[in-house]
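One point on numbering: in the working numbering, the residue at position 16 of the sequence shown is 54, and numbering is uninterrupted.
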Amino acid sequence: GGRTDAGPLVIEGLKNLEYRGYDSWGIACKRNGAIIVHKDAGKISGVDSSAFAEPCSMAIAHTRWATHGNVSARNAHPHISGDGTIAVVHNGIIENYQELRAELETRGHAFQSETDTEIVAQLIDSCYHGDPLSAVQEAVCQLEGSFALGILFEDYPWQMIAVRKDSPLIVGLGEGENFIASDIPALIKHTRHIL
39 GGRTDAGPLV IEGLKNLEYR GYDSWGIACK RNGAIIVHKD AGKISGVDSS
89 AFAEPCSMAI AHTRWATHGN VSARNAHPHI SGDGTIAVVH NGIIENYQEL
139 RAELETRGHA FQSETDTEIV AQLIDSCYHG DPLSAVQEAV CQLEGSFALG
189 ILFEDYPWQM IAVRKDSPLI VGLGEGENFI ASDIPALIKH TRHIL
C-alpha cells in the first residue's frame with residue numbers, strides 16, 4: 039500500500055512467484071472507496087499487468103494451487119465477505135473449515151466457493167463490529183491449521199492487515215509504502231528491507 043499503481047505491482051509480484059506452479063490467480067484493489075475483485079483460472083504469466091493500471095493505492099493478489107475445490111475462477115483468491123466489503127488472500131490450509139462453514143451457514147452466511155479461504159472472509163465479517171483489527175483477532179482465534187492472510191476492509195481504505203501462523207509471511211519496508219508477500223522474489227524489485 040502507499041502508491042497509486044498497486045495493481046500492476048502485485049500482478050508483477052505474482053509473476054515472480056510463478057516458478058512454484060499455480061492454477062488460478064486473482065487481485066483485489068481498493069479503488070474509489072470500494073474493493074474491486076478480478077480473478078480467473080489459468081496461469082498468470084500471460085496476464086497483462088497494465089490492464090490493472092487504474093489508480094489503486096492498495097491491493098492484494100494471490101495465485102492458487104487447488105487444495106479445496108476444483109480449479110475455477112470462483113475458487114480463485116481473493117475471497118470476499120457476503121457484502122463484498124472484506125477481501126482475503128490466504129496461503130495455507132484451514133483444517134476446521136468444514137465445521138466453521140456449517141456454523142456460519144446456520145447464521146445466514148451464503149458461500150460462493152468450495153474453498154477453505156472463503157470461510158476466513160465470512161468469519162471475519164461475522165466478527166466485524168467496526169474495528170478491523172479486533173475482528174481479525176477474534177476470527178483467527180477460531181482457525182485451526184496453518185495460514186498467512188492478507189486482508190482489506192472497504193471501511194478502512196488506508197489499512198491492510200496481515201497475520202500468519204506456521205506459514206511464511208514476508209514484510210517489505212519501503213519509502214511511504216509497505217509490502218507483504220509469501221516469498222522474497224515478489225518484493226525484491228521494490229525493496230531490500232525485508233522482515
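For glycine and all other residues, C-beta sits at the position ideal for the given N, C-alpha and C.
Predicted model, so just to flag it, every value in this text is computed and none were measured.
Asked	Found
Residues near Phe191 in its chain [Cβ-Cβ closer than 6 Å; skip 5 each side]	Ile124, Pro170
Beta-carbon proximity list for Gly130, same chain, < 7 Å, skipping 5 on both sides	Gly183, Ser184, Phe185, Ala186, Ser205
Pairwise C-alpha distance: Lys68 and Pro46	13 Å
Exposure of Thr144, with buried meaning 16 or more beta-carbon neighbours within 10 Å	exposed
Under the three-state DSSP convention, the category Leu142 falls into	helix
As assigned by DSSP and simplified to three states, the class of Phe155	The sequence as given places Thr at residue 155; Phe does not occur at that position. Helix.
Under the three-state DSSP convention, the category Ile162 falls into	helix
Alpha-carbon to alpha-carbon, Gly71 and Leu211	25 Å
Local conformation of Lys81 per DSSP, three classes	coil
Check: Ala173 C-beta below 6 Å from any heavy atom of the ligand SAH	With respect to the ligand SAH, the structure shown offers nothing to examine, as it has no ligands at all.
Rounded C-alpha distance that separates Asp154 from Lys81	21 Å
Supposed contact pair Gln150 and Arg102 - C-beta distance, whole angstroms, cut 8 Å	That pair is no contact at about 15 Å.
Whole-angstrom distance between Glu92 and Leu55, CA atom to CA atom	23 Å
Range of the contiguous alpha helix (DSSP H) that encloses Val174	170–178
Neighbourhood of Val209 by C-beta distance below 8 Å, restricted to the same chain and skipping five residues each side	Ala200, Asn216, Phe217, Ile218, Ile232, Leu233
Residue range of the beta strand (DSSP E) that includes Leu181	Premise fails: Leu181 is in no beta strand (DSSP E) and is neither H nor E.
CB contact flag (Val267, Val158, <7 Å)	The chain is shown only over 39 to 233; residue 267 falls outside these bounds and no answer can be derived.
Reference Gln180, options Ala148, Ile189, Leu138, Ser83, closest by Cα	Leu138
CA-to-CA distance, Ile65 to Trp196, given in whole angstroms	17 Å
Neighbourhood of Val174 by C-beta distance below 7 Å, restricted to the same chain and skipping five residues each side	Ile162, Ile189, Ile199, Val201
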